[in-house]
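Down below is the structure, laid out as structure tokens.
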Amino acid sequence: MWIEFVFQPTSLFSLKASDATNSASKSLLSPSPYSVKMALLNAICTFDSVKTAERYFTFIRDTEMQFSLPEFIVVNNCFIKIVKKDDHPKKPEDLFISTVAFREFVYFSGEIKIAVKIQENSTVEQIEFLKSNFCKINYFGKRASFFQFTKWTDEPIYELPIEYSRGIDDPLFKDNRHKIIMKVDDFSPDITFNSVNSYSNEKTKRLTKLIFYNLKIQKSGKSFTAYELDSV
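Per the working numbering, the sequence shown starts with residue 132, numbered consecutively.
Listed below in structure tokens is the structure:
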């Protein structure tokens, strides 16, 4: 079964792919499972403790997540000025230089929904812990990509609605709706808490997945692309 968490975007969203460069990065159209799980762990560490986050890490790591986007999405692209490290400074004090970078920012016309699959061996205590901490998340991806938690579903969902993302191995991938395929990251099955701990020297382990949304391009221009949900 799935539990649905609903968030209202309060700013533009931006989350580049993990393999994108700093100077040129397109944004994903939605949060990734990796970014949501990291935001959840951050909320637990902030409002509870690191020990609590470590205790529930395996439960969080093994959860499956899918996403539902609003009916209309607009992706704006632009060039912005950023500061990056200078690998060959002329002076010792000149550690950073100003440069131009390509960025995309996503506008959502409404709420986004995150469906979390609950495993059969999950306890009631784990489920309640998940609910009590999901509501403390206020951003996904970049820290300026703010979201406001609004609610979760009281009744469990046993079959996800058509607007939800799915893996490309899903039978619905072959229907006649328009599709947008997206590469997202998730936690690797063997990742440990130290691998995602900012104060640890261990490297993180990502699992790359291909998912799709039933979206079609409605209109596009030099600086934007508008998408619409294809629910027919």
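Note that beta-carbon positions come from the ideal geometry of N, C-alpha and C, so glycine has one too.
Tell me the DSSP secondary structure of residue i in three-state form.
| i | result |
| --- | --- |
| Y187 | coil |
| T177 | helix |
| K162 | A small correction: the amino acid at residue 162 is Pro; Lys does not occupy that position in the sequence shown. Coil. |
| R260 | According to the sequence as given, residue 260 is Phe; it is not Arg. Reduced to three states, the DSSP call for F260 is helix. |
| M367 | Residue numbering for the chain in the displayed model covers 132 to 363; residue 367 lies beyond these limits and cannot be assessed. |
| F355 | strand |
| R192 | helix |
| L146 | coil |
| A170 | helix |
| P304 | The residue you asked about is not Pro; residue 304 is Phe in the sequence shown. In the structure shown, F304 sits in a helix (DSSP, three-state: H, G or I). |
| F365 | With the chain covering only 132 through 363, there is no way to say anything about residue 365. |
Contact defined as beta carbons within less than 8 Å: I believe residue i pairs with residue j. What is the distance between those atoms, to the nearest angstrom?
| i | j | result |
| --- | --- | --- |
| I134 | V247 | 5 Å |
| S158 | V237 | 6 Å |
| F318 | Y165 | 6 Å |
| L171 | N264 | 6 Å |
| E227 | K215 | For the record, residue 227 in the displayed sequence is Phe; it is not Glu. With 8 Å as the limit, F227 and K215 qualify as a contact, their Cβ atoms being about 7 Å apart. |
| L160 | Y344 | 7 Å |
| S354 | C209 | 7 Å |
According to DSSP, residue i sits in a beta bridge with which residue or residues?
| i | result |
| --- | --- |
| R337 | F318 |
| V205 | Y238, A357 |
| V247 | I134, M196 |
Residue range of the alpha helix (DSSP H) that residue i falls in?
| i | result |
| --- | --- |
| F324 | 324-327 |
Provide the residue span of the beta strand (DSSP E) that contains residue i, from first to last.
| i | result |
| --- | --- |
| Q279 | 278-283 |
For this session: Assess, as a yes-or-no matter, whether the segment 298-305 is touched by the segment 171-183 under the definition of 3 or more beta carbon pairs within less than 8 Å.
Result: no
Problem set entry | Touch test, the segment 199-207 against the segment 351-359, Cβ-Cβ under 8 Å, three pairs minimum | Three or more beta-carbon pairs separated by less than 8 Å link the segment 199-207 to the segment 351-359, which places the two stretches in contact.
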